[in-house]
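Residue numbers (the numbering used here): 115 to 286.
Each residue gets a CB set at the ideal place from its N, CA and C atoms; glycine is no exception.
Inspection log for the structure reproduced underneath, given as structure tokens.
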């Protein structure tokens with residue numbers, strides 16, 4: 115391309131495109147780090163929501179003499195718990211576990227939820243609180259991981275994007 119009289123062209127069009135591509139790669143790396151961090155926070159919130167559901171159900175079991183189907187129907191009406199309570203659920207074993215819990219302690223939670231149906235009315239709230247405590251311990255670990263990721267993941271993504279930009283930079 116020709117320069118206009120009185121204007122200098124410090125970069126060629128190819129160089130401008132290369133710089134723009136490098137900037138986009140660095141920004142994409144940063145965004146990938148942010149997305150990873152956001153995913154961890156979303157998982158932590160899901161575990162905390164399930165823990166709150168179990169605590170709510172434990173309180174309801176202790177203070178209301180309602181069958182589990184009615185307790186689950188009442189919980190399903192609460193917006194924070196609706197994702198975990200399938201429609202027309204008759205048993206606590208039918209609760210939907212959030213994916214992070216299904217991976218870490220799903221077998222224990224399913225076994226505990228199954229045993230609540232076999233427990234006495236006095237023992238069921240304590241079993242439910244024990245399961246909520248298990249969720250709480252899992253949530254604590256996920257919180258620590260999410261906090262660490264909030265510090266590291268965007269920086270690592272930025273460095274990764276910069277590395278890719280350097281590796282793809284045209285030679286000469």
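For residue i, tell me which candidate among the options has the shortest Cα-Cα distance.
{"i": "residue 206", "options": "274, 134, 284 and 242", "result": "242"}
{"i": "residue 266", "options": "135, 136, 152 and 213", "result": "152"}
{"i": "residue 192", "options": "236, 226, 170 and 247", "result": "170"}
Could you tell me whether the Cβ atoms of residue i and residue j are closer together than 7 Å?
{"i": "residue 292", "j": "residue 245", "result": "Nothing can be reported for residue 292: it is not among the residues displayed for the chain, which extend from 115 to 286."}
{"i": "residue 143", "j": "residue 275", "result": "yes"}
{"i": "residue 109", "j": "residue 268", "result": "Any question about residue 109 goes unanswered here, given that the chain covers just 115 to 286."}
{"i": "residue 190", "j": "residue 196", "result": "yes"}
{"i": "residue 186", "j": "residue 203", "result": "yes"}
{"i": "residue 175", "j": "residue 239", "result": "yes"}
{"i": "residue 233", "j": "residue 164", "result": "no"}
{"i": "residue 201", "j": "residue 208", "result": "no"}
Does residue i come out as helix, strand or coil in the three-state DSSP assignment?
{"i": "residue 256", "result": "helix"}
{"i": "residue 195", "result": "coil"}
{"i": "residue 209", "result": "coil"}
{"i": "residue 214", "result": "helix"}
{"i": "residue 249", "result": "helix"}
{"i": "residue 268", "result": "helix"}
For residue i, which residues in the same chain have their Cβ closer than 8 Å to its Cβ, ignoring the five residues on either side in sequence?
{"i": "residue 229", "result": "241"}
{"i": "residue 140", "result": "272, 275, 276 and 279"}
{"i": "residue 252", "result": "161, 214, 215, 218 and 219"}
{"i": "residue 256", "result": "154, 157, 158, 161 and 214"}
{"i": "residue 145", "result": "271"}
{"i": "residue 194", "result": "163, 166 and 167"}
So does residue i have its beta carbon nearer than 6 Å to some heavy atom of the ligand ATP?
{"i": "residue 177", "result": "With respect to the ligand ATP, the structure shown offers nothing to examine, as it has no ligands at all."}
Just to confirm my understanding: we take residue i, look at its own chain, exclude 5 residues before and 5 after, and list those with CB closer than 6 Å. What are they?
{"i": "residue 260", "result": "154, 155 and 158"}
Short of 7 Å in beta carbon distance, which residues of its chain neighbour residue i, apart from the five on each side in sequence? Order them along the chain.
{"i": "residue 130", "result": "none"}
{"i": "residue 264", "result": "151"}
{"i": "residue 237", "result": "none"}
Whole alpha helix (DSSP H) elements within the segment 121 to 203, 4-residue minimum
127 to 177 and 182 to 191
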